[in-house]
Amino acid sequence: MTESEIPKEYNASEVEEKWMEKWNLSMYHFNWGEDPRPQYIIDTPPPYPTGNFHIGNALNWCYIDFVARYKRMRGYNVMFPQGWDCHGLPTEVKVEEIHGITKNQVPRAEFRKMCRELTAGNIDKMRKTMLRLGFSVDWSNEFVTMEPSYFVKTQKSFVRMYNNDYIYHEEHPVNWCPRCETAIAFAEVEYETRQTKLNFVHFDKVDIATTRPELMAACVAVAVNPEDKRYSQYVGQEITVPLFGQKVTLIADEDVEPEFGTGAVMICTFGDKQDVRWWVKYELPLIKAIDKQGKMTKAAGKYEGLSIAECREAVIADLKAAGFLYDQKPLEQNVGLCWRCDTPIEILSEPQWFVKIDSDGILKAADEIKWYPEYMKVRLQNWAGTMEWDWCISRQRIFATPIPIWYCKKCGEVMVAEESWLPIDPNEAAPKKACACGSTEFEPETDVLDTWMDSSITALHVTGWESEHDLRLPAQIRPQGHDIIRTWAFYTILRSLALEGKKPWDSIVINGMVLGPDGHKMSKSLGNVISPEEVTTQYSADAFRQWGAVGGSTGSDVMFRWKDVVSASRFLQKLWSIYRFSMSHLKGFGQEDADKFQTDSLLIIDRWLLSKLNRLIDTATKELDGYQFDSTFKAIRGFAWEVLADNYLELVKGRLYGDDLEGRRAAQYVLYRTMKTLSLLLAPFIPFFAEELYSRFSDESVHTQAWPTVDESFINEEAEAAGELIKEITGEVRRYKSELGMALNAPLKKLEIYNANIDTGDIAGATNSKVELMEGAPSFEYVPVEVKPNMGILGPRFRKDAGAVVKALKAENPASVEAQAASGKITVNVNGEPIELEPEAVEIRKEVISGGREVDVLEVRGAVVVIVR
Ligand SMILES: [Zn+2]
Ligand SMILES: [Zn+2]
């Protein structure tokens, strides 16, 4: 192979397309059978199939892929499965939009079919992006949560948890989104500060302040603080609610803040979580004034049918007209919003399905898991204590896993499916046995499961839970974003404990979010969204992946910057040039030659490079073991660019092109080893480029090779120090030439090096000069040859006369000026006048004479280089 046979420019798209086509992806398959390798199972996040594998996904997958590829090379039996978390509202909304229908206009089964078709198409699109980015996914372990093969497990997990008392059905207040018309879990409520009004209203004995006058119909008590003297006389008495007329009791409770509003508050079913607490504590009645669509009910009397906002306006107007409302003040309020649609949530009491939350157990398991970065565990700990009630898992939607439950029409008993009946949709099939009461008439459960019920068993699923294989829980690692710690991470730990009594994974790695080039969160409205395809089309997958590797460390948010992609692309070109150069000199040098090479013929700079190379392997291994992708990749890049290209290759060019066969062989050996090792170290990060590189060394894929190991015998501090000296002397001589405007390959008469124990052949080659290693110390004579006036001093002092002073100085004998300067003052005659100058006013340029020749002298790390021009 000669340089001319390898194109000068790296054609990334050609190379990447070639390997995408050639690769046999079965090399990434996990072996479920007997295997001496330790298992390394990744609990990959199943993305929501929107059809758009966005840049945040892509970054997370880069991290996963770096780890998967690295672990495979380290000898693990790796599973990098890919799942798809299909169910949920966004798909339902999209289907309604595409078909111009609402979900109630078509039969349930028909609607589900439309959702499934849309989802399948979207998965295809996203799969393509993943392949384009070169992720080493194990497609033999792909899972799709809407497929019966997966949701049978979701249903099994429900049945088992129900039978083991982890799941119960109860009427209880829950967070409700009136727009999505479904219950949601605490984890799906987001809080936002909004402006509202605090309304001051006369009741018959006390005045109350409320932000929710529309809930007066659902007022079931009034509360004051027991310490509040203003109201103590009325505690326990009945109070009449204005406009609506119901009589409620005045309760004293220490949770009432006397300073807020009037110090007296309404307890309604339900204005907020505090109402729920009081409602439970005092066993208050339940009045449902708001329905599932967010409309006022019959309980609201004449306001029935109004929306919440309309009702608020009408009630305020009526209170005002009747003289009950006496003041209004602006108030900032923390409002709970539905995370899907930003609608303010209501708290409604409805029969729902709940999973019991054992926060202590979850936190204990979290402590047994290694967190990267460690501080992310705090987010889980902070979350665990904040939920007011258990995890509500029923949803009043359609496209989701059916709850395998029926209700007996005769006695009302719950009939749960037996595991052997699963998968099953209770709306399409009846129970296979009669109720205990003898009845065979059932009402199916129409509620469906929260999608987190599907995705919180991924760790179980990928480790073989309820499959033909043995269970391999825990998985080794869970990579995920910090935005879903309180959902996906929390629920997964909960489910793994409930179903198998084990932690789900050994480690969890949290990645950051991707910010747009402007530093803001990417959003369509800001117009700062970048798709992975834009990057792969304009540059390459390998450039994108490098951005992912160097952009940040785990846990922190990463900004997308085109300039990082551009410099990644430049690095590929630089690597290509290194490769192209190396290959032209490795013609006829193969593995056999490397194997039988005698390392005692290596020169110092060869040993220097091999020592650095082995240190690089050591660093890369340690950093990757700690998931530090940025520092790993930067170390590899620094080695390739600075150590190898800028220095080593320049130093050995002389040998590679020269006649000294032994010296040439040594450089070839080093190049061979280094290029092969580099292709292995680069393989996890830039798999396409690494494969292209490695293909010149072997017919096998680089992605089935072992990670390089450190050869301690090559780590040599002495060789490193001597090599540094050679490198720096060469660098200094090159700098010297360029300062003098000489060509870098211009020959110098001779270099004499004192006080250095090195071999000089490579310096001679790289500087194109004769080099001699000298004994003893050099002797120099310094001859003043030029007086250089210091205008910084002379200018301000002599102003328009400065020119005359300079002229006079230049006319003086430099040796005499130096002698005067040494005595402390210089005297010159300017236009017949003697003028005194301080020594700082001039600089004396001297020539160095050594051995009777004019020379220049460089000092490098204690060595002295005498340059004879
Ligand atoms: Zn909503
Ligand atoms: Zn029955």
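In case it helps, the working numbering puts the sequence shown at residues 21 to 889.
Note that beta-carbon positions come from the ideal geometry of N, C-alpha and C, so glycine has one too.
- Using a Cβ distance threshold of 7 Å, E752 and L878 count as a contacting pair.
- Distances from the alpha-carbon of K173 to those of M407, Q294 and A437 put A437 closest.
- When distances are taken from the beta-carbon of K453 to the heavy atoms of ligand 2, even the shortest one reaches 6 Å or more.
- Beta-carbon to beta-carbon, I259 and K225 are separated by about 5 Å, close enough to satisfy the 8 Å threshold.
- Going by C-alpha positions, S560 is about 48 Å away from E366.
- DSSP places T213 in the strand class (E or B) of the three-state scheme.
- It is roughly 5 Å from the alpha-carbon of V884 to the alpha-carbon of Y774.
- Relative to ligand 2, the beta carbon of E461 is positioned no closer than 6 Å to any heavy atom.
- Looking from the CA of L218, the closest CA among E210, A207 and T230 belongs to T230.
- Relative to the non-hydrogen atoms of ligand 2, the Cβ of K148 never comes closer than 6 Å to any of them.
- Taking Y96 as the centre and dropping the five residues before and after it, the same chain places the C-beta of R57, P58 and Y60 closer than 6 Å to its C-beta, in chain order.
- Two segments are said to touch when three or more pairs of C-beta atoms, one from each, lie closer than 8 Å; by this definition the segment 804-816 touches the segment 824-841.
- Within the chosen limit of 6 Å, ligand 2 reaches the beta carbon of E433 through at least one heavy atom.
- Cβ atoms of V825 and L814 come within 8 Å of each other, at about 6 Å.
- Here the distance from the Cβ of R152 to the nearest heavy atom of ligand 1 is not below 6 Å.
- Of the residues assessed, M99 falls on the buried side of the cut-off, its CB having 16 or more other CB atoms within 10 angstroms.
- For the pair T122 and T139, the CB atoms are not nearer than the 7 Å cut-off.
- By the criterion of a C-beta distance shorter than 6 Å, E408 is surrounded in its chain by K293, once the five residues flanking it on both sides are discounted.
- Non-local C-beta neighbours of D227 in its own chain, meaning closer than 8 Å and more than five positions away in sequence, comprise F220, V221, T282, A284 and Y346, ordered along the chain.
- Residue environment: C288 is assigned as buried (16 or more neighbouring CB atoms within 10 Å of its CB, all protein chains considered).
- The three-state secondary structure of Y802, taken from DSSP, is strand.
- For the set K308, W43 and N788, the Cα lying nearest the Cα of R675 is the one of N788.
- Shortest Cα-Cα distance from G610 to any of N531, Q648, R693 and M542 involves R693.
- For K757, the enclosing alpha helix (DSSP H) has its first and last residue at E737 to E759.
- Excluding sequence positions up to five before and after K770, its CB lies within less than 7 Å of the CB of S789, K790, E792 and V888, all in the same chain and listed in chain order.
- With a cutoff of 7 Å on beta-carbon distance, V157 and W104 are scored as not near each other.
- When secondary structure is reduced to three states using DSSP, D378 falls in the coil class, being assigned neither helix nor strand.
- Near ligand 1, residues with a Cβ at less than 7 Å from any of the ligand's heavy atoms are C197, R199, C200, C358, R360, C361 and T363; the list follows chain order.
- Counting along the chain, no alpha helix (DSSP H) covers A861, and no H or E run does either.
- Using a 10 angstroms sphere on the CB of L306, the tally of other CB atoms stays under 16, which defines it as exposed.
- Beta-bridge annotation (DSSP): A243 is paired with I271 and V285.
- A straight line joining the alpha-carbon of T216 with that of E190 spans about 33 Å.
- Non-local beta-carbon contacts of E486 in its own chain, meaning distances under 7 Å to residues more than five positions away in sequence, involve K173 and K176 in chain order.
- M286 is the residue among S459, M286 and G53 whose C-alpha sits nearest the C-alpha of V276.
- Comparing alpha carbon positions, the residue from D338, M762 and A741 closest to L630 is A741.
- Judged by the Cβ position, C428 qualifies as a neighbour of ligand 2 at the 6 Å threshold, a heavy atom of the ligand being closer than this.
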